[in-house]
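Engineer: Quick one: structure below, then a few questions.
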Amino acid sequence: MIPFLDLKAQYASIKQEVDAAVHGVLDRCQFVLGEEVAAFESEFATFVEASHGIGVNSGTSALHLALLAAGIGPGDEVITVPFTFVATVAAIHYAGAKTVFVDIRPDTFTMDPDAIDAAVTPRTKAIVPVHLYGQPADMEAIGRIARKHGLVLIEDAAQAHGAEVHGRRVGAQGDIGCFSFYPGKNLGAIGEGGMVVTNDAQLARSVRMLRDWGGEKKYEHVLKGYNYRLETVQAAVLRVKLRHLEGWTEARRWAARRYDDLLANTGIRTPREAEGTRHVYHIYAIRTGSREQLQAGLGAAGVQTGIHYPTPVHLLPAYADLGYTRGQFPHSERAAAEVLSLPMYPELTADMQKEVAAALIELSRK
Ligand SMILES: Cc1ncc(COP(=O)(O)O)c(C=O)c1O
Numbered sequence: 006m007i008p009f010l011d012l013k014a015q016y017a018s019i020k021q022e023v024d025a026a027v028h029g030v031l032d033r034c035q036f037v038l039g040e041e042v043a044a045f046e047s048e049f050a051t052f053v054e055a056s057h058g059i060g061v062n063s064g065t066s067a068l069h070l071a072l073l074a075a076g077i078g079p080g081d082e083v084i085t086v087p088f089t090f091v092a093t094v095a096a097i098h099y100a101g102a103k104t105v106f107v108d109i110r111p112d113t114f115t116m117d118p119d120a121i122d123a124a125v126t127p128r129t130k131a132i133v134p135v136h137l138y139g140q141p142a143d144m145e146a147i148g149r150i151a152r153k154h155g156l157v158l159i160e161d162a163a164q165a166h167g168a169e170v171h172g173r174r175v176g177a178q179g180d181i182g183c184f185s186f187y188p189g190k191n192l193g194a195i196g197e198g199g200m201v202v203t204n205d206a207q208l209a210r211s212v213r214m215l216r217d218w219g220g221e222k223k224y225e226h227v228l229k230g231y232n233y234r235l236e237t238v239q240a241a242v243l244r245v246k247l248r249h250l251e252g253w254t255e256a257r258r259w260a261a262r263r264y265d266d267l268l269a270n271t272g273i274r275t276p277r278e279a280e281g282t283r284h285v286y287h288i289y290a291i292r293t294g295s296r297e298q299l300q301a302g303l304g305a306a307g308v309q310t311g312i313h314y315p316t317p318v319h320l321l322p323a324y325a326d327l328g329y330t331r332g333q334f335p336h337s338e339r340a341a342a343e344v345l346s347l348p349m350y351p352e353l354t355a356d357m358q359k360e361v362a363a364a365l366i367e368l369s370r371k
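Going left to right, the sequence shown walks through residues 6 to 371 as the working numbering numbers them.
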């Protein structure tokens, strides 16, 4: 069996460090925020080259608070892509704003900058590009458009820890960046977690207040806040894992190169790393016209795969009220019908990848 993801292998490789971090939290009995969270915020902000990091309880909360801190609310429109995890759109809805979709580029699966101008209205307040699969969106082009229209730029970097555009880390390229530490992410907690990063002190202060009931002092609630605090144990474990992240990212990139080589000239379309960017391969998704058949065949051969994501958000029943119909975002719709995510994690061995590729090639000949 070749699993899609192997968190047990990761834990086995750093068990002593993780166990010591968890026991340290138990010994100190500080369970919410505190010094460990502050240290992780500072270390993660440094990692993404941002001035401020604010730990929260999920990537979804990070997006929600980023939008609120930017002053976005009812009556406002926020531009994003339909080919993303539903959380991107849910956060816009939580903030009370309306989601306006633009399509993706078919080669990178990220926001098509050329589609943005036509979607901007007098109500547009922000653009939320998604660095899907760990591939940075075209931040230079999107940044230019955001500046031209005076829009806030919020990065959904939930899948892109350590990804880069021209040597600069994603997350701090726009006004605010949002990360998820859901266990399966490239940097994953032992539960839920997220982080907002920014270079803007005022935005950082607002997010910091909003995550902890809207105040800086106990019982002095200046804003209508939330209980979105990061748990101390998550920060303690994430500090351990952050020290390994660069090595893990390089291992993912090696694994991606190996898949690229193994699947070259087989008719299977492998993902492309956009020029000038560093893809961190949270997901390695191939494209195929016969996905269901391939997925079933791989499953029978003991290879677990995933689909990220089978339905673009504009076609999900939950967001039917946005009023979109099939055919409006053809690249997103086509990607959703064709993508198949292969096993991808730092511990994946060359032999396992050979097995995956052999099974894939065999099945696609049928
Ligand atoms: C693109 C994207 N945005 C947002 C999220 C939300 O993060 P979380 O699950 O930590 O709330 C996720 C992850 O699940 C994601 O993949």
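All residues carry an ideal CB built from backbone N, CA and C; glycine is no exception.
Values in this document were obtained by computation on a predicted structure and should not be read as measured data.
Can you list, in chain order, the stretches of the alpha helix (DSSP H) that have 4 or more residues and sit fully within the stretch 327-360?
Structural biologist: Within the stretch 327-360, the complete alpha helix (DSSP H) runs of at least 4 residues are 335-343.
Engineer: Does the distance from the C-beta atom of Gly148 to that of Ala55 stay below 8 Å?
Structural biologist: Taking the sequence shown and counting its residues from 1, the one referred to as residue 148 is at position 143. Taking the sequence shown and counting its residues from 1, the one referred to as residue 55 is at position 50. Going by C-beta atoms, Gly148 is not nearer than 8 Å to Ala55.
Engineer: Three-state secondary structure (DSSP) at Tyr372?
Structural biologist: An answer regarding residue 372 cannot be provided, because it is not within the stretch 6 to 371 covered by the chain.
Engineer: Going by C-alpha to C-alpha distance, which of Gln140, Arg283, Thr93, Pro351 sits closest to Val318?
Structural biologist: Position 313 of the sequence shown holds residue 318. It is Thr93 whose Cα lies nearest to the Cα of Val318.
Engineer: What is the DSSP secondary structure of Ser47, counted as helix, strand or coil?
Structural biologist: By 1-based counting over the sequence shown, the position of residue 47 is 42. Ser47: helix per DSSP, three-state reduction.
Engineer: Using only the alpha-carbon positions, how far apart do Glu197 and Gly294 sit?
Structural biologist: Counting from one through the sequence shown, the residue named residue 197 turns up at place 192. Counting from one through the sequence shown, the residue named residue 294 turns up at place 289. Near 35 Å, if we compare the C-alpha coordinates of Gly294 and Glu197.
Engineer: DSSP beta-bridge partners for Glu236?
Structural biologist: For the purposes of this step, residue 236 is identified with residue 231 of the sequence shown, where counting begins at 1. Paired residues: Val37.
Engineer: What is the rounded straight-line gap between the Cα of Val91 and the Cα of Tyr324?
Structural biologist: As a first step, residue 91 is located in the sequence shown; it is residue number 86 there, counting from the start. As a first step, residue 324 is located in the sequence shown; it is residue number 319 there, counting from the start. When rounded, the distance between both Cα atoms is 9 Å.
Engineer: Would you kindly work out how many angstroms separate the C-alpha atoms of His279 and Thr115, rounded to a whole number?
Structural biologist: Within the sequence shown, numbered from 1, the residue matching residue 279 stands at position 274. Within the sequence shown, numbered from 1, the residue matching residue 115 stands at position 110. As written in the sequence, residue 279 is Ala, which differs from the His given in the question. The alpha-carbon atoms of Ala279 and Thr115 are separated by roughly 10 Å.
Engineer: Strictly by DSSP, which residues pair up with Ile7?
Structural biologist: Looking up residue 7 in the sequence shown gives position 2. Answer by DSSP bridge pairing, in chain order: Val308.
Engineer: Taking 8 Å as the threshold (C-beta atoms), are Thr310 and Leu268 in contact?
Structural biologist: What you label residue 268 is simply residue 263 of the sequence shown in a count that begins at 1. What you label residue 310 is simply residue 305 of the sequence shown in a count that begins at 1. Cβ distance not < 8 Å, so Leu268 and Thr310 don't count as in contact.
Engineer: Going by DSSP, name the residue or residues bridged to Glu160.
Structural biologist: Taking the sequence shown and counting its residues from 1, one reaches residue 160 at position 155. Looking at the DSSP assignment, Glu160 forms a beta bridge with Gly182.
Engineer: Determine whether the beta carbon atoms of Asn191 and His69 lie at a separation below 8 Å.
Structural biologist: As a position in the sequence shown, residue 191 is number 186, starting the count at 1. As a position in the sequence shown, residue 69 is number 64, starting the count at 1. The answer is no: Cβ separation not under 8 Å.
Engineer: Please state the DSSP three-state secondary structure of His437.
Structural biologist: A question about residue 437 goes unanswered here, because the residues of the chain that appear run from 6 up to 371.
Engineer: Within the continuous alpha helix (DSSP H) that includes His226, where are the two ends?
Structural biologist: Stepping through the sequence shown from its first residue, residue 226 is reached at position 221. No alpha helix (DSSP H) contains His226, which DSSP labels as neither H nor E.
Engineer: Might you give, ordered along the chain, the residues of its own chain that have their beta carbon closer than 7 Å to the beta carbon of Val107, omitting 5 neighbours on each side?
Structural biologist: As a position in the sequence shown, residue 107 is number 102, starting the count at 1. Result list for Val107: Ile84, Val86, Met116, Asp117, Ala120, Ile121, Ala124, in chain order.
Engineer: Apart from the five residues just before and just after Trp253, which ones in its own chain have a Cβ nearer than 6 Å to its Cβ?
Structural biologist: Walking along the sequence shown from the start, residue 253 turns up at place 248. Closer than 6 Å at Cβ, skipping near neighbours: Pro351.
Engineer: Pro134: buried (16+ other C-beta within 10 angstroms of its C-beta) or exposed?
Structural biologist: The sequence position of residue 134 within the sequence shown is 129, counting from 1. Counting Cβ neighbours within 10 Å, Pro134 comes out buried, since at least 16 surround it.
Engineer: Do Phe186 and Gly193 come within 8 Å of each other at the CB atom, strictly closer than that value?
Structural biologist: Numbered from its first residue, the sequence shown carries residue 193 at position 188. Numbered from its first residue, the sequence shown carries residue 186 at position 181. Going by C-beta atoms, Gly193 is nearer than 8 Å to Phe186.
Engineer: Less than 7 Å separating the Cβ of Tyr286 from some heavy atom of ligand 1?
Structural biologist: In the sequence shown, the residue the question calls residue 286 occupies position 281. No, since every heavy atom of ligand 1 falls outside the 7 Å radius drawn around the Cβ of Tyr286.
Engineer: Can you give me the start and stop residues for the alpha helix (DSSP H) that Ile288 sits inside?
Structural biologist: The count along the sequence shown starts at 1 and reaches residue 288 at position 283. Element bounds for Ile288: n/a, residue is neither H nor E.
Engineer: In angstroms, rounded to a whole number, what distance separates the CA positions of Ile195 and Val53?
Structural biologist: Taking the sequence shown and counting its residues from 1, the one referred to as residue 195 is at position 190. Taking the sequence shown and counting its residues from 1, the one referred to as residue 53 is at position 48. Roughly 21 Å between the two C-alpha positions.
Engineer: State the CB to CB distance for the pair Phe139 and Gln164, rounded to an integer number of angstroms; the pair is presumed to be in contact (CB under 8 Å).
Structural biologist: In the sequence shown, the residue the question calls residue 139 occupies position 134. In the sequence shown, the residue the question calls residue 164 occupies position 159. In the sequence as displayed, the identity of residue 139 is Gly instead of Phe. That belief holds up - the Cβ atoms of Gly139 and Gln164 are roughly 5 Å apart, short of 8 Å.
Engineer: At the level of alpha carbons, what is the spacing between Ala256 and Gln358?
Structural biologist: Locating residue 256 in the sequence shown gives position 251, counting from the first residue. Locating residue 358 in the sequence shown gives position 353, counting from the first residue. For Ala256 and Gln358, the distance between alpha carbons rounds to 13 Å.
Engineer: Where Val308 and Pro348 are concerned, what is the direct C-alpha to C-alpha distance, given to the nearest angstrom?
Structural biologist: As a working mapping, residue 308 is identified with position 303 in the sequence shown. As a working mapping, residue 348 is identified with position 343 in the sequence shown. Rounded to the nearest angstrom, the two C-alpha atoms are 8 Å apart.
Engineer: Which residues in the same chain as Tyr23 place their Cβ atom closer than 6 Å to its Cβ, once the five residues preceding and following it in sequence are excluded?
Structural biologist: Taking the sequence shown and counting its residues from 1, the one referred to as residue 23 is at position 18. The displayed chain sequence assigns Val, not Tyr, to residue 23. Cβ neighbours of Val23 beyond the five flanking positions: Val242, Val245.
Engineer: Using a threshold of 8 Å, state whether the C-beta atoms of Arg368 and Gly302 are closer than that.
Structural biologist: Your numbering for residue 368 matches position 363 in the sequence shown. Your numbering for residue 302 matches position 297 in the sequence shown. Looking at the sequence itself, residue 368 is Leu, so the reference to Arg does not match. Contact: yes.
Engineer: Around the Cβ of His57, are there at least 16 other Cβ atoms within 10 angstroms (buried) or fewer (exposed)?
Structural biologist: Taking the first residue of the sequence shown as 1, we reach residue 57 at position 52. Buried.
Engineer: Using a Cβ-Cβ cutoff of less than 6 Å, which residues in the same chain neighbour Ser211 once the five nearest sequence positions on both sides are dropped?
Structural biologist: Here residue 211 refers to the residue found at position 206 of the sequence shown. Cβ neighbours of Ser211 beyond the five flanking positions: Ala74.
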